[in-house]
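Take a look at the structure below.
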Amino acid sequence: MHDHIEAHEPHEDAREDGARTGTVFRKGRGLYDVRAGGAMVRCSISNKLHKRLLYPTSDPSSGTLRGVQRVADIEVVDPIAVGDEISYVPGDGETGMIREVLPRRNTLARSITDPKRRSQGRQLTQVIAANVDQIVPVFAAAKPKPRWHLLDRYLLTAEAAGIPSLICVTKIDLGDGEALDEDLEVYRRIGYRVMRTSSKTGEGVDAFREAIAGRTSVFLGKSGVGKTSLLNALQPGLGLLVKEISGSTGKGRHATSHLEMFPLDGGGGVVDTPGMKVFPVLDDGMDRASYFPEMRPHLGRCKFGADCSHSHEPGCGIKEAVEAGDIDERRYQSFLKM
Ligand SMILES: Nc1nc2c(ncn2[C@@H]2O[C@H](COP(=O)(O)OP(=O)(O)OP(=O)(O)O)[C@@H](O)[C@H]2O)c(=O)[nH]1
Ligand SMILES: [Mg+2]
Ligand SMILES: [Zn+2]
């Protein structure tokens with residue numbers, strides 16, 4: 000994905016006017032909490048940057064990227080994301096003015112329906128986080144029980160962004176270990192790393208902590224799977240509110256309501272997300288099967304070549320691999336659904 004935000008040699012002029020660089024950890028209402036040199040600085044956006052942050056509409060009929068909208072007009076799609084490296088000019092106390100967004104290494108994005116053009120089903124791209132080292136799809140062994148198609152969608156989203164995934168199964172104190180292991184084996188065979196944890200008993204938490212140390216990770220998972228609890232277990236000082244199921248309404252209280260990154264002791268951070276729907280942003284020119292690592296070796300074996308949709312065509316290399324047991328049948332069904 001391309002970065003729409005201009006950035007030019009920040010380090011050069013940074014020295015001239017005392018600008019510093021930092022990482023966006025939290026945002027809301029035009030304010031950004033930026034971590035710089037161990038401190039948290041509350042930043043606003045400079046007027047100059049505000050004017051320059053133009054969001055190109057993804058409308059192909061506009062031809063060029065001239066069809067732009069001012070950022071101020073857009074509520075959902077915010078061009079500064081958690082994880083962004085920015086440069087800012089320090090103000091009084093722990094405040095600053097963001098002047099520039101530095102080039103991104105990658106972006107974890109999802110496709111959403113434009114709230115203003117819902118009836119037309121217009122799609123927008125929303126960046127969930129930038130400069131991500133790994134995506135952690137989080138699943139509960141039980142309560143709620145795992146939904147593998149959802150996992151496949153997270154993995155696809157990560158593949159499309161070129162970001163590695165680390166699958167984490169939580170609440171293993173509740174689960175049916177053996178049946179679960181069989182399902183997980185499918186993912187291990189593909190090459191995904193799978194870890195099992197319980198925030199209640201602490202099982203697997205040390206190993207998991209090691210796996211995320213020093214990196215920027217994004218937790219993705221349905222509401223109630225235990226993402227925030229896991230974060231608390233990883234770093235007990237955090238004491239984040241976890242969801243409580245209210246007896247009278249059956250609805251969750253204290254569920255995570257926004258996206259925020261938490262710094263890990265010893266480096267790195269975890270972006271905790273509220274359970275949210277994640278639809279991948281895919282490149283139309285790419286064969287969707289190439290986002291499934293286990294399907295890649297079989298691409299190019301189809302009789303109809305690049306025209307093969309791998310669904311009904313005769314002589315399809317992917318279907319043959321499914322029949323031969325080289326590709327898991329359920330993963331293939333997930334592929335067809337996507
Ligand atoms: N038995 C057991 N319960 C857990 C575990 N982890 C979390 N829970 C419970 O599961 C519920 C939901 O946990 P949360 O951490 O709030 O879940 P979440 O994924 O952050 O949910 P959202 O913020 O809504 O996306 C809480 O009641 C936790 O106490 C675990 O390892 N074992
Ligand atoms: Mg939460
Ligand atoms: Zn095919």
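Residue 123 in numbering that gives the first Met the number 0 is what sits at position 124 of the sequence shown, and the numbering runs on without skipping anything.
Here a beta-carbon is modelled for each residue, glycine too, at the ideal position from N, C-alpha and C.
How about Ile189: is its Cβ closer than 6 Å to a heavy atom in ligand 3? Looking up residue 189 in the sequence shown gives position 190. Incorrect: Ile189 has no Cβ contact closer than 6 Å to ligand 3.
For Glu99, which residues does DSSP report across the bridge? Mapped onto the sequence shown, residue 99 falls at position 100. Bridge partners of Glu99: Ser86.
First and last residue of the beta strand (DSSP E) that includes Ile44? By one-based count along the sequence shown, residue 44 stands at place 45. Run containing Ile44: Ala38 to Ile44, per the beta strand (DSSP E) assignment.
List the whole-angstrom C-beta distance separating Ile166 from Val193, where the pair is believed to meet the contact cut-off of C-beta under 8 Å. If you number the sequence shown from 1, residue 166 lands on position 167. If you number the sequence shown from 1, residue 193 lands on position 194. Cβ atoms of Ile166 and Val193 come within 8 Å of each other, at about 5 Å.
What's the call for Gly21, buried or exposed, on a 16-neighbour Cβ count within 10 Å? Within the sequence shown, residue 21 is the residue found at index 22, counting from 1. Under this definition Gly21 is a buried residue.
Jot down the residue ranges of each uninterrupted beta strand (DSSP E) in the region 91-177, minimum 3 residues, whole runs only, in chain order. Listed in chain order, the complete beta strand (DSSP E) runs (minimum 3 residues) inside the region 91-177 are 94-100, 106-112, 122-129, 133-139 and 165-169.
Residues that DSSP places opposite Met260 in a beta bridge: What you label residue 260 is simply residue 261 of the sequence shown in a count that begins at 1. Note: Met260 sits in a beta bridge opposite Val270.
Could you have a look at Ser245 and say whether DSSP puts it in helix, strand or coil? The residue given as residue 245 occupies position 246 in the sequence shown. Note on Ser245: pLDDT 48, under 50, position unreliable in the model; the coordinate value appears next. The three-state reading of DSSP puts Ser245 in coil, since its state is none of H, G, I, E or B.
For Asp137 versus Phe218, is the C-beta spacing smaller than 7 Å? In the sequence shown, counting from the first residue as 1, residue 137 sits at position 138. In the sequence shown, counting from the first residue as 1, residue 218 sits at position 219. For the record, residue 137 in the displayed sequence is Val; it is not Asp. Yes, the Cβ-Cβ distance between Val137 and Phe218 is below 7 Å.
How far does the beta strand (DSSP E) with Arg19 in it extend, from its first residue to its last? What you label residue 19 is simply residue 20 of the sequence shown in a count that begins at 1. It spans Arg19 to Gly27 - the beta strand (DSSP E) in which Arg19 sits, taken as one unbroken run.
Mind checking whether Asn105 and Ala160 have CB atoms under 7 Å apart? As a first step, residue 105 must be located in the sequence shown, where it is residue number 106. As a first step, residue 160 must be located in the sequence shown, where it is residue number 161. Against a cut-off of 7 Å, the Cβ pair of Ala160 and Asn105 comes out as a contact.
Leu101 vs Glu84 beta-carbon contact at 7 Å: In the sequence shown, counting from the first residue as 1, residue 101 sits at position 102. In the sequence shown, counting from the first residue as 1, residue 84 sits at position 85. Contact flag set, yes.
I'd like the span of the beta strand (DSSP E) that includes Leu233, first residue to last. Along the sequence shown, read from residue 1 onward, the residue named residue 233 stands at position 234. Looking at the DSSP string, Leu233 is not in any beta strand (DSSP E); the run it does join, the alpha helix (DSSP H), is Lys226 to Leu233.
So is the beta-carbon of His309 under 6 Å away from any non-hydrogen atom of ligand 3? On the sequence shown, position 310 is the one that residue 309 refers to. It does: the Cβ of His309 is within 6 Å (strictly closer) of some heavy atom of ligand 3.
Based on the DSSP secondary-structure assignment, which residues constitute the bridge partners of Arg192? Walking along the sequence shown from the start, residue 192 turns up at place 193. Note: Arg192 is bridge-paired with Leu165 in the DSSP secondary-structure output.
According to DSSP, residues forming a beta bridge with Ala35: For the purposes of this step, residue 35 is identified with residue 36 of the sequence shown, where counting begins at 1. As DSSP reads the structure, Ala35 sits in a beta bridge with Ala38.
Asp58 - DSSP class collapsed to helix/strand/coil: Counting from one through the sequence shown, the residue named residue 58 turns up at place 59. Residue confidence for Asp58 is low, a pLDDT of 39 falling below 50, so the modelled location carries little weight; the figure read from the coordinates is stated next. For Asp58, the three-state secondary structure derived from DSSP is coil.
Taking 6 Å as the cut-off, is the C-beta of Lys226 nearer than that to any heavy atom in ligand 2? Position 227 of the sequence shown, counted from the start, is the residue given in the question as residue 226. Between ligand 2 and Lys226, a heavy atom-to-CB distance of less than 6 Å is present.
For the beta strand (DSSP E) holding Leu219, just list the boundary residues, first then last. The residue labelled residue 219 in the question sits at position 220 within the sequence shown. Counting along the chain, the beta strand (DSSP E) containing Leu219 begins and ends at Thr215 to Leu219.
Quick check on Val185: does DSSP put it in helix, strand or coil? Taking the first residue of the sequence shown as position 1, residue 185 is located at position 186. It is helical.
With distances taken Cα to Cα, identify the nearest neighbour of Pro163 among Leu154, Gly82 and Thr169. Mapped onto the sequence shown, residue 163 falls at position 164. Cα-wise, what sits closest to Pro163 is Leu154.
Evaluate Glu322 with the Cβ neighbour count: other Cβ atoms within 10 Å of its Cβ, from every protein chain shown; 16 or more gives buried, anything less gives exposed. Residue 322 sits at position 323 when you count from the first residue of the sequence shown. Exposed is the call here.
Helix, strand or coil: how does DSSP classify Ile4 here? As a working note, residue 4 is residue 5 in the sequence shown. A caution first: Ile4 carries a pLDDT of 47, below 50, which makes its placement in the model unreliable, though a value can still be read off. Note: Ile4 maps to coil in three-state DSSP.
Could you pull the start and end residues of the alpha helix (DSSP H) that Ser333 belongs to? By 1-based counting over the sequence shown, the position of residue 333 is 334. Glu328 to Lys336 is the span of the alpha helix (DSSP H), which, as asked, contains Ser333.
Work out the CA separation of Arg109 and Ile127 for me, nearest whole Å. The sequence position of residue 127 within the sequence shown is 128, counting from 1. The sequence position of residue 109 within the sequence shown is 110, counting from 1. Between Ile127 and Arg109, the C-alpha separation is close to 7 Å.
Just to check my reading of the structure: Gln133 and Ser216 have Cβ atoms closer than 8 Å, yes? What is that Cβ distance to the nearest angstrom? As a first step, residue 133 must be located in the sequence shown, where it is residue number 134. As a first step, residue 216 must be located in the sequence shown, where it is residue number 217. Contact between Gln133 and Ser216 holds, since their C-beta atoms are separated by about 5 Å, short of 8 Å.
If you count every other CB in all the chains shown that lies within 10 Å of the CB of Lys302, and 16 or more means buried, which is it? For this step, residue 302 is matched to residue 303 along the sequence shown. Exposed is the call here.
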